[in-house]
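Protein chains in written order, with the working numbering: chain A, 1 to 277; chain B, 1001 to 1280.
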């Protein structure tokens, strides 16, 4: 990895008030510009706490968190940090403030105090990226779950941050809506945005650049996502579960039916199997 | 012993511009000691269906009968029906309210007028069924983990001793272990003779644990059958919003290439068959 460091966590620990056990222990992590990082772990592993440290919603109890070079412990850094890092959360209903799609999207840039023509430009662009451009005048209550979550992403995008942290944005969505969100993410990644993507669904991380596994408040493993599926890693010990298609891939590649470089998804396996006469 | 649903139709905001048909002529029989999953896309009507089963809403057309008792505004058996059919809503932990786990679970039987000396027995039984030992009784439910909260919420339904348990997306928000635990718990309840009715949009989940699956689309019963039958049907006939498990899609592609493997979403069965074909 190289390039500009966007997030630099140095020996970060975090303890919630009233709880003796730290949620995060001694985390060292650098996240680079343009990187799509998957942060995975089971319930209670500390992943959402880490997400909140990334835009200074939480401040480390120990250690330091530098965001675009700004130290999150300093009060005067908070505003610039939050302009750099937008967040999208799990529940789309909790993130909508406007009653019409384009008004809701404009909320962020209006708060940033931008001139009206620029706000309009940003809103138009953001809704186009998320594929919501044909719904600009629609009432937000009438949107589907997937549309609401795409709207939440539009709102984040409209502030034009170089980085977005997604905290399980698909957890409450059905499979169709989950796909819609993934298409948007891939587009953002292609445009060079830095993405931190938190999830416990491993089938969602295959296209990320790097995966970091958290368990018990510690970084347990990091590497390229497909290495996580290696059978000798025993990811069950971190409360993670391999998707069914990946288990199939793993059986077939262990038995040398398919090459281990085959992509662990149905298209990859199908192509590999088609080479048999 | 069954719930029988005949020609059930339900329309929201009937006669207004917002009129939406939620259920359209549904016919179904549900038995105790079985596991039925009701699968559909968001807005397909599956939650409306679930609410009929314990008389939270009444049929506008057609009928629902629980153990021979009719669901409807004239029914004198509503209490009885609601006791027989336990309903676990989505994110049930959001409905916790008591200060201790014990009080939370004791609420339902107390409300049903169960005698004090029997309440303790029921609470113990219900918490035991979800795997929470007496060390939890005095704890504050709000301080438990997400998975534990959900167990408490389910126990608080079980303490009414229902014959049927209807669960609306019970695995939403749980991680892999929490999900496995919960499905194991439901399988145990099924073994004790309870009828499990699982409402979900996760076809893969339904295929892996049910005995019967009903697919519902735009309020209509599209098909009903065993997981294998449903899989074959859905491979032929794509349903909007339902995503087939990747393993099943691979199996289907291989079949159309003449591989002769079984159509299944079970990776072990498919792997074994692929290995056999390659070796021969």
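For glycine and all other residues, C-beta sits at the position ideal for the given N, C-alpha and C.
This structure is a prediction, so every number in the text was calculated from the model and none was measured.
Pair within 8 Å by beta-carbon distance, residue i and residue j
i	j	result
residue 1156 of chain B	residue 1232 of chain B	no
residue 36 of chain A	residue 274 of chain A	no
residue 1209 of chain B	residue 1182 of chain B	no
residue 250 of chain A	residue 270 of chain A	no
residue 105 of chain A	residue 126 of chain A	yes
residue 1213 of chain B	residue 1206 of chain B	yes
residue 1263 of chain B	residue 245 of chain A	no
residue 220 of chain A	residue 211 of chain A	no
residue 23 of chain A	residue 197 of chain A	no
residue 308 of chain A	residue 168 of chain A	It is not possible to answer for residue 308 of chain A, since the shown part of chain A is limited to 1 through 277.
residue 1178 of chain B	residue 1147 of chain B	yes
residue 1129 of chain B	residue 1203 of chain B	no
residue 156 of chain A	residue 88 of chain A	yes
residue 1215 of chain B	residue 1199 of chain B	no
residue 1028 of chain B	residue 1010 of chain B	no
residue 194 of chain A	residue 162 of chain A	yes
residue 124 of chain A	residue 153 of chain A	no
residue 1267 of chain B	residue 82 of chain A	no
residue 92 of chain A	residue 18 of chain A	no
CB-CB length for residue i against residue j, believed under 8 Å
i	j	result
residue 1039 of chain B	residue 1055 of chain B	Residue 1039 of chain B to residue 1055 of chain B, Cβ: 23 Å. No contact.
residue 147 of chain A	residue 132 of chain A	7 Å
residue 1132 of chain B	residue 1085 of chain B	Rounded, the Cβ-Cβ distance is 23 Å, inconsistent with contact.
residue 1109 of chain B	residue 1153 of chain B	Their Cβ separation, rounded to whole angstroms, is 15 Å, which puts residue 1109 of chain B and residue 1153 of chain B out of contact at 8 Å.
residue 240 of chain A	residue 182 of chain A	That pair is no contact at about 19 Å.
residue 1164 of chain B	residue 1032 of chain B	7 Å
residue 159 of chain A	residue 1172 of chain B	Actually they are not in contact, since the Cβ atoms of residue 159 of chain A and residue 1172 of chain B sit about 29 Å apart, beyond 8 Å.
residue 1140 of chain B	residue 1099 of chain B	6 Å
residue 41 of chain A	residue 238 of chain A	7 Å
residue 225 of chain A	residue 252 of chain A	Contact doesn't hold; Cβ gap of about 19 Å is too wide.
residue 1261 of chain B	residue 1274 of chain B	6 Å
Residues that DSSP places opposite residue i in a beta bridge
i	result
residue 1012 of chain B	B/1020
residue 1168 of chain B	B/1199
residue 1069 of chain B	B/1066
residue 36 of chain A	A/195
residue 14 of chain A	A/24
residue 1035 of chain B	B/1196
residue 5 of chain A	A/32
residue 1005 of chain B	B/1028, B/1064
residue 103 of chain A	Residue 103 of chain A is not bridged to any residue.
residue 163 of chain A	A/85, A/194
Buried versus exposed, by CB contacts within 10 Å (16 or more), residue i
i	result
residue 1 of chain A	Its pLDDT being 49, under 50, residue 1 of chain A is placed unreliably in this model, and the value from its coordinates should be taken loosely. Counting Cβ neighbours within 10 Å, residue 1 of chain A comes out exposed, since fewer than 16 surround it.
residue 1016 of chain B	exposed
residue 79 of chain A	exposed
residue 47 of chain A	buried
residue 115 of chain A	exposed
residue 213 of chain A	buried
residue 14 of chain A	buried
residue 180 of chain A	buried
residue 227 of chain A	exposed
residue 1221 of chain B	buried
residue 261 of chain A	exposed
residue 1143 of chain B	exposed
residue 267 of chain A	exposed
residue 1061 of chain B	exposed
residue 55 of chain A	buried
residue 1195 of chain B	buried
residue 166 of chain A	buried
residue 185 of chain A	buried
residue 118 of chain A	exposed
residue 1046 of chain B	buried
residue 101 of chain A	buried
residue 45 of chain A	buried
Which parts of the region 1073-1151 of chain B are runs of the alpha helix (DSSP H), unbroken and 4 residues or longer, counting only runs that do not cross its ends?
1078-1084, 1101-1111, 1116-1129
Whole alpha helix (DSSP H) elements within the region 1212-1258 of chain B, 4-residue minimum:
1227-1236, 1246-1256
Could you pull out every unbroken alpha helix (DSSP H) segment of at least 4 residues lying fully inside the region 166-254 of chain A, listed in chain order?
Qualifying alpha helix (DSSP H) stretches, in chain order: 175-190, 244-254.
Ordered list of beta strand (DSSP E) runs contained in the region 74-100 of chain A, each at least 3 residues
85-88
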